[in-house]
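Numbering (mature numbering (1 follows the signal peptide of the UniProt record, and there is no 0)), first residue to last: -18 to -1, 1 to 332.
The following block contains the structure:
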């Protein structure tokens, strides 16, 4: 039997004072549940939670420990108890799959609405926090709604689905990493190879080797990335250094900028509509470029190292009208290949 134990440790009533007169006399209770699982390297853990935090840590034991703390607050002991009774923690183990899930009993809630007590800033609330300790070789899936998810470091396959909460991580090194965040921030220090999807929130990523990215309706900053495949819609985006290659689609981004393109970059391909593009095409780097603009400007320096093989011949070629193509090289060419196709936006070589 691999499930070692499942314990309800405590049910503690407390008086809560928050400094505001309306909170005096509020009743708070907590119950703590611990799930322990004996595991080997093939076992996969899934955490499915709502209305609370999920925090994950690693240890050297061949065991997964999931501690769930359920807190309830209200103005009467009876109401607090009904909140607590409404929360159950289900567990299931089938083959190598382990699932721990937060459930809510509608019979305990009668006609109360779950959405009326999801906010712990109110006098009435329920909060369900998970603390997970697990071996570093076991794969993990986290689904969390209305709460933050924190994973300091992780080395096995990882899937995160976060809604209405922030996601933070230090170092995610496995090549099977999939992060999906909506209505919250994603803050990650380092990724090896990953797919990241952020919507209606901001992405702050320090470093990645290979990244497949979808970013919508927010802001994005990546400090350093090797290979980037990105679709960016309605989001401003800045990349510090692109090291190897980039394929980037932009739509209504408001502004896309790369600060550094070193000589190690093989190619950059950008499709943009209603978005400005700024690239650091410096005289010290040899590159071949192909830029097409429709109803926008191509702005570039006048240094002697930029040579055109194709460009519009009329005097108004850099005006914001029609479609114009510029093909040429910086320096001797034969280095980085840069191709930009832009509609209703400017392209700037700095």
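All C-beta atoms, glycine included, are put in the ideal place defined by N, C-alpha and C. Since the model is a prediction, treat every value here as computed from it, not as a measurement.
The alpha helix (DSSP H) enclosing residue i, as first and last residue numbers
i          : result
residue 63 : 59 to 68
Opening and closing residue of the beta strand (DSSP E) in which residue i lies
i           : result
residue 30  : 26 to 32
residue 157 : Looking at the DSSP string, residue 157 is not in any beta strand (DSSP E), and its letter there is neither H nor E.
residue 22  : Counting along the chain, residue 22 falls outside any beta strand (DSSP E), and DSSP gives it neither H nor E.
residue 137 : From DSSP, residue 137 is part of no beta strand (DSSP E); its letter is neither H nor E.
residue 287 : Premise fails: residue 287 is in no beta strand (DSSP E) and is neither H nor E.
residue 253 : 249 to 255
residue 118 : It is not in any beta strand (DSSP E) - residue 118 carries neither H nor E in the DSSP assignment.
residue 391 : For the chain, the structure presents residues -18 to 332; residue 391 sits outside this window and is missing.
residue 332 : Neither: residue 332 is in no beta strand (DSSP E) and is coded neither H nor E.
residue 245 : Where residue 245 is concerned, there is no enclosing beta strand (DSSP E), given that its DSSP letter is neither H nor E.
residue 86  : 79 to 86
residue 308 : 305 to 312
residue 44  : Segment: none, residue 44 is in no beta strand (DSSP E) and carries neither H nor E.
residue 324 : 318 to 325
Buried or exposed by the 16-neighbour rule on C-beta atoms within 10 Å, applied to residue i
i           : result
residue 158 : exposed
residue 332 : exposed
residue 318 : buried
residue 74  : exposed
residue 65  : buried
residue 306 : buried
residue 43  : exposed
residue 76  : exposed
residue 304 : exposed
residue 270 : buried
residue 166 : buried
residue 53  : buried
residue 312 : buried
residue 290 : exposed
residue 372 : With the chain running from -18 to 332 in the structure shown, residue 372 is simply not present.
residue 235 : buried
residue 316 : exposed
residue 25  : buried
Proximity below 9 Å, CB of residue i to CB of residue j
i           : j           : result
residue 212 : residue 196 : yes
residue 85  : residue 69  : yes
residue 135 : residue 149 : no
residue 254 : residue 327 : yes
residue 36  : residue 163 : no
residue 229 : residue 206 : no
residue 314 : residue 275 : no
residue 17  : residue 51  : no
residue 273 : residue 308 : yes
residue 280 : residue 257 : no
residue 124 : residue 31  : yes
residue 11  : residue 63  : yes
residue 161 : residue 71  : no
residue 192 : residue 204 : no
residue 348 : residue 80  : Only positions -18 to 332 of the chain appear in the structure, and residue 348 is not among them; the question remains open.
Residue closest to residue i, alpha-carbon to alpha-carbon, out of the options
i           : options            : result
residue 227 : 118, 310, 38, 321  : 321
residue 240 : 277, 268, 202, 274 : 202
residue 146 : 267, 33, 11        : 33
residue 252 : 329, 311, 288      : 329
residue 140 : 128, 127, 116      : 116
residue 246 : 238, 216, 209      : 209
residue 187 : 152, 17, 218       : 152
residue 8   : 274, 59, 311, 261  : 59
residue 23  : 309, 137, 49, 82   : 137
residue 46  : 121, 72, 11        : 121
residue 143 : 237, 155, 127, 154 : 127
residue 250 : 263, 256, 40       : 263
residue 222 : 216, 214, 242, 238 : 242
residue 267 : 277, 288, 178      : 288
residue 366 : 248, 154, 292, 233 : Residue 366 lies beyond the stretch modelled for the chain, which goes from -18 to 332, so this question has no answer here.
residue 283 : 232, 119, 261      : 261
residue 365 : 232, 169, 83       : Here the chain has residues from -18 to 332 only, and residue 365 is not among them.
residue 181 : 198, 232, 38       : 198
residue 112 : 179, 28, 189, 20   : 28
residue 61  : 106, 172, 183      : 106
residue 214 : 183, 67, 119       : 183
residue 171 : 277, 189, 233, 179 : 189
residue 67  : 57, 78, 87         : 87
residue 119 : 248, 156, 83       : 156
residue 292 : 78, 82, 310        : 310
Worksheet item: Unbroken beta strand (DSSP E) runs of length 3 or more, entirely within the region 164 to 196: which are they?
Response: 168 to 181
Discussion item. Extract the residue ranges of the beta strand (DSSP E) inside the region 257 to 283, only unbroken runs of 3 or more that lie entirely within it.
Written reply: 259 to 261, 269 to 276
Discussion item. Please give the ranges of any beta strand (DSSP E) in the region 210 to 245, keeping only runs that are unbroken, at least 3 residues long and fully inside the region.
Written reply: 238 to 242
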